[in-house]
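One structure is given here, and the rest of the page talks about it.
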Amino acid sequence: MTVTSPRGFLAAGVTAGLKASGKPDVALVVNQGPRFDSASVFTANRCLANPVLWSQQVVKDGVVRAVFLNSGGANCYTGPDGFQTTHAVAERVAGHLGIGAIDVVVCSTGLIGLANDRDQVLAGADAAHAALAPGGGPDAARAIMTTDTVPKQTLVEGAGWSIGGMAKGAGMLAPQLATMLVVLTTDAVVDAADLDRALRAATRVSFDRLDSDGCMSTNDTVTVMASGASGITPTTADLTEALTQACTDLAMQLLRDAEGADHDIAITALNAASEDDAVEVARSVARSNLFKAAVFGNDPNWGRVLASVGTTQAAFDPADLDVAMNGVWVCRSSTPAEDPAGIDLAGREVTVTIDLKAGTERATVWTNDLTHAYVHENSAYST
Numbered sequence: 052m053t054v055t056s057p058r059g060f061l062a063a064g065v066t067a068g069l070k071a072s073g074k075p076d077v078a079l080v081v082n083q084g085p086r087f088d089s090a091s092v093f094t095a096n097r098c099l100a101n102p103v104l105w106s107q108q109v110v111k112d113g114v115v116r117a118v119f120l121n122s123g124g125a126n127c128y129t130g131p132d133g134f135q136t137t138h139a140v141a142e143r144v145a146g147h148l149g150i151g152a153i154d155v156v157v158c159s160t161g162l163i164g165l166a167n168d169r170d171q172v173l174a175g176a177d178a179a180h181a182a183l184a185p186g187g188g189p190d191a192a193r194a195i196m197t198t199d200t201v202p203k204q205t206l207v208e209g210a211g212w213s214i215g216g217m218a219k220g221a222g223m224l225a226p227q228l229a230t231m232l233v234v235l236t237t238d239a240v241v242d243a244a245d246l247d248r249a250l251r252a253a254t255r256v257s258f259d260r261l262d263s264d265g266c267m268s269t270n271d272t273v274t275v276m277a278s279g280a281s282g283i284t285p286t287t288a289d290l291t292e293a294l295t296q297a298c299t300d301l302a303m304q305l306l307r308d309a310e311g312a313d314h315d316i317a318i319t320a321l322n323a324a325s326e327d328d329a330v331e332v333a334r335s336v337a338r339s340n341l342f343k344a345a346v347f348g349n350d351p352n353w354g355r356v357l358a359s360v361g362t363t364q365a366a367f368d369p370a371d372l373d374v375a376m377n378g379v380w381v382c383r384s385s386t387p388a389e390d391p392a393g394i395d396l397a398g399r400e401v402t403v404t405i406d407l408k409a410g411t412e413r414a415t416v417w418t419n420d421l422t423h424a425y426v427h428e429n430s431a432y433s434t
């Protein structure tokens with residue numbers, strides 16, 4: 052269940068020496084065709100890493116034949132030399148494959164301001180090409196890990212076609228993607244325009260609803276490549292549903308591996324006047340450090356939920372809000388209701404439900420608690 056599960060793809064993960072730990076740090080995923088349709092989405096951060104600047108140009112024509120990824124250094128704010136390193140690795144990969152560099156997406160992850168050694172990256176590209184194999188997906192998924200504790204992979208089966216994927220990310224998980232790199236593959240026959248629409252619909256309700264710590268990365272990239280090797284063209288609805296399932300599965304894996312987290316929290320705002328209102332309300336709670344710290348302490352402090360809702364522009368009556376935690380309605384009509392002592396927060400999964408009583412729309416945002424381990428992890432980052 053990985054990027055090489057669909058037909059037409061090869062992958063590899065190798066060690067190039069970019070990480071002080073000596074762990075694998077370079078991955079390559081190659082589409083062997085017969086088609087090379089693709090779509091990508093990137094971080095909304097205005098401060099962009101060199102690989103994103105390069106890859107934004109690559110994807111414009113809807114053709115991507117390979118994705119090169121490195122961990123160990125983000126290649127962000129490393130000046131013109133950093134961009135030249137990105138260009139050089141695209142050229143090296145393209146040379147091995149006999150294609151144009153403009154068809155090679157490049158992704159990097161790690162510390163901002165850290166210049167990747169060009170010779171090491173190029174040597175990694177050479178080694179990754181030499182190691183390409185139909186079963187190389189798991190190695191590729193391990194090579195893109197930074198503070199991740201486990202690789203993240205997925206497979207969604209269609210009727211004679213499939214979608215595979217891998218992702219990395221464990222911190223700086225916030226909307227417009229997360230601090231994550233994601234490669235998705237499919238052997239379906241689908242043109243780039245349809246693939247783009249399906250990908251954007253999928254990421255809107257998956258990665259864009261993941262808000263672990265409110266921090267937006269500079270390197271986020273999600274790329275899907277379609278080989279057409281199955282010979283089957285799914286309906287737009289089936290493609291979108293499968294892509295959404297794959298993206299949601301990977302997003303939940305990112306959430307479960309969030310840095311230092313003890314609780315995974317699903318915050319649902321329902322009966323909202325609009326979907327945007329529901330997202331804004333749920334995200335306001337997900338962004339509350341006070342609420343997240345309370346969950347870490349197993350304290351069902353629903354007052355912090357209402358306080359966060361009140362910071363939004365959503366439509367609701369402040370005197371008529373209902374709140375439940377783990378199914379216990381502790382607040383009805385903005386007054387205390389069931390006893391919070393009945394809420395058990397000892398388990399990993401936590402649900403928060405907010406009834407806005409203003410319409411029929413709903414949305415869920417996923418986050419996690421704020422722990423001592425998160426602070427420790429981000430005060431001494433290493434790969």
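Residue numbers for the sequence shown follow the numbering used here, so the first one is 52 and each next one is one higher.
Glycine included, each C-beta is placed from N, C-alpha and C at the ideal position.
Where do the ends of the alpha helix (DSSP H) carrying residue i lie?
i, result
"threonine 5", "This structure cannot settle anything about residue 5, because the visible part of the chain is limited to 52 through 434."
"aspartate 170", "169-182"
"leucine 104", "101-109"
"alanine 32", "Because the chain spans 52 through 434 in this model, residue 32 falls outside it and cannot be assessed."
I'd like the list of long-range same chain contacts for residue i, defined as Cβ closer than 6 Å, with 5 residues on each side in sequence excluded.
i, result
"threonine 129", "Ala166"
"serine 91", "Val110, Thr274"
"tryptophan 105", "Thr137, Val157"
"threonine 402", "Ala317, Asn377"
"lysine 74", "none"
"arginine 383", "Asp373"
So, for residue i: in the same chain, excluding its five sequence neighbours on each side, which residues have a beta-carbon less than 7 Å away from its beta-carbon?
i, result
"valine 54", "Phe60, Ala62, Val80, Gly188, Ala191, Gly215, Gly216, Met217, Val234, Thr236"
"leucine 421", "Asn340, Lys343, Ala344, Phe347"
"alanine 320", "Ala329, Val332, Ala333, Ile405, Leu407, Arg413, Ala414"
"arginine 58", "Asp238, Ser278, Ala280, Ser281"
"alanine 139", "Arg169, Leu173"
"glycine 133", "Asn101, Asn126, Ala166"
"valine 356", "Val336, Phe342, Val374, Val403, Ile405"
Sorted by chain position, which residues of the same chain lie with C-beta nearer than 8 Å to residue i's C-beta, five sequence neighbours on each side aside?
i, result
"aspartate 88", "Gly113, Val114, Val241, Asp242, Ala243, Leu246, Met276, Ala277, Gly279"
"threonine 94", "Val103, Gln227, Leu228, Met267, Ser268, Thr269, Asn270, Asp271, Thr272"
"leucine 224", "Interpretation of leucine 224 is limited by its pLDDT of 47, a score under 50 that renders its predicted location unreliable; the figure taken from the coordinates is listed afterwards. Contacts found: Thr230, Met231, Leu261, Asp262, Ser263, Asp264, Cys266, Leu305, Leu306, Ala309."
"glutamine 108", "Ile153"
"leucine 183", "Leu61, Ala62, Ala63, Leu79, Val81"
"isoleucine 394", "Pro351, Met376, Asn377, Val379, Val381"
What residue range is occupied by the uninterrupted beta strand (DSSP E) comprising residue i?
i, result
"aspartate 300", "That residue, aspartate 300, is in no beta strand (DSSP E); its alpha helix (DSSP H) goes 287-307."
"glutamine 204", "203-208"
"glycine 216", "213-219"
"valine 233", "232-237"
"threonine 269", "Premise fails: threonine 269 is in no beta strand (DSSP E) and is neither H nor E."
"aspartate 88", "88-93"
"glycine 64", "60-65"
"alanine 71", "That residue, alanine 71, is in no beta strand (DSSP E); it is neither H nor E in DSSP."
"leucine 79", "77-82"
When the distance is taken between beta carbons, is residue j closer than 7 Å to residue i?
i, j, result
"alanine 141", "threonine 269", "no"
"threonine 291", "alanine 323", "no"
"cysteine 298", "serine 257", "yes"
"alanine 365", "glutamate 331", "yes"
"alanine 178", "valine 360", "no"
"aspartate 350", "aspartate 373", "no"
"leucine 301", "threonine 205", "yes"
"glycine 211", "alanine 293", "no"
Can you say whether residue i is buried or exposed, counting buried as having 16 or more other CB atoms within 10 angstroms of its CB?
i, result
"valine 97", "What sits at residue 97 in the sequence shown is arginine, not valine. Answer is exposed; the Cβ neighbour count stays below 16."
"proline 369", "exposed"
"arginine 143", "buried"
"arginine 399", "exposed"
"threonine 295", "buried"
"glutamine 135", "exposed"
Is there at least one Cβ from chain D nearer than 7 Å to residue i's Cβ?
i, result
"arginine 193", "Absent here is chain D; the protein component of the structure consists of one chain."
Open item on the list: Going residue by residue through the stretch 311-336, where are the continuous beta strand (DSSP E) segments of at least 3 residues, counting only ones entirely within it?
Closed with: Taken in chain order, the whole beta strand (DSSP E) runs of length 3 or more contained in the stretch 311-336 are 315-323.
| said: If we require 3 or more residues per run, which beta strand (DSSP E) segments fall completely within the stretch 346-419? | reply: With a minimum length of 3 residues, the continuous beta strand (DSSP E) runs that stay inside the stretch 346-419 are 373-376, 379-383, 400-406, 412-419.
Length-filtered (3 minimum) beta strand (DSSP E) runs lying within the stretch 117-169
117-122, 155-160
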